[in-house]
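Below is one structure, written out as structure tokens, with a few remarks after it.
Residue numbers (this note's numbering): 567 to 707.
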């Protein structure tokens with residue numbers, strides 16, 4: 567629940583069900599204070615370490631079960647969860663998050679899919695440019 571509040575997931579009052587409202591920008595207008603966001607990220611990293619990969623992995627944290635329907639927006643996941651977690655891990659403190667190999671593989675795959683989406687999600691236009699790219703790689707005109 568705290569993660570959903572942190573990223574601005576719209577919650578209805580009736581049993582915390584999600585609405586389908588979409589924010590026009592990555593940063594929503596009712597952003598919680600920074601100390602709250604830092605505490606939520608520390609709690610999430612603590613749960614990842616305490617409960618282990620089977621119960622609370624970074625992949626679960628970034629899924630729709632973890633942060634709600636905004637998990638479909640990669641920019642929200644990157645800006646509000648992954649980048650701040652990695653910045654906290656880079657700081658030399660005792661309470662910094664420790665990432666497992668599975669978490670790093672998930673992050674790298676997520677970023678690769680954000681930069682270069684799988685072919686099923688692309689339109690017809692990139693197919694033509696991929697032919698151009700393969701022609702340029704082969705060196706033929």
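No residue lacks a Cβ here, since even glycine has one placed at the ideal position from N, Cα and C.
Starting from residue 639, trace the alpha helix (DSSP H) in both directions and tell me its first and last residue. The count along the chain shown starts at 1 and reaches residue 639 at position 73. Counting along the chain, residue 639 sits inside no alpha helix (DSSP H), nor does DSSP assign it H or E at all.
Rounded Cβ spacing between residue 623 and residue 668 (contact assumed at less than 8 angstroms): Position 57 of the chain shown, counting from 1, holds the residue named residue 623. Position 102 of the chain shown, counting from 1, holds the residue named residue 668. Contact between residue 623 and residue 668 holds, since their C-beta atoms are separated by about 6 angstroms, short of 8 angstroms.
Mapping DSSP to helix, strand and coil, what is residue 632? Counting from one through the chain shown, the residue named residue 632 turns up at place 66. It is helical.
As assigned by DSSP and simplified to three states, the class of residue 662: Reading the chain shown from its first residue, position 96 is the one you call residue 662. DSSP places residue 662 in the coil class of the three-state scheme, outside both helix and strand.
Would residue 607 and residue 651 be called neighbours here (beta carbons separated by less than 8 angstroms)? By 1-based counting over the chain shown, the position of residue 607 is 41. By 1-based counting over the chain shown, the position of residue 651 is 85. In this structure, the beta-carbon distance from residue 607 to residue 651 falls below 8 angstroms.
Measuring only the C-alpha atoms, how far is residue 587 from residue 671? Residue 587 sits at position 21 when you count from the first residue of the chain shown. Residue 671 sits at position 105 when you count from the first residue of the chain shown. For residue 587, the predicted structure reports a pLDDT of 48, less than 50, and the residue's modelled location is therefore unreliable. A value from the coordinates is still provided. Each residue's alpha carbon lies about 31 angstroms from the other.
Would you call residue 573 buried or exposed, if buried means 16 or more other Cβ atoms sit within 10 Å of its Cβ? As a first step, residue 573 must be located in the chain shown, where it is residue number 7. Residue burial is scored here from C-beta neighbours: residue 573 has at least 16 other C-beta atoms within 10 angstroms and is therefore classed as buried.
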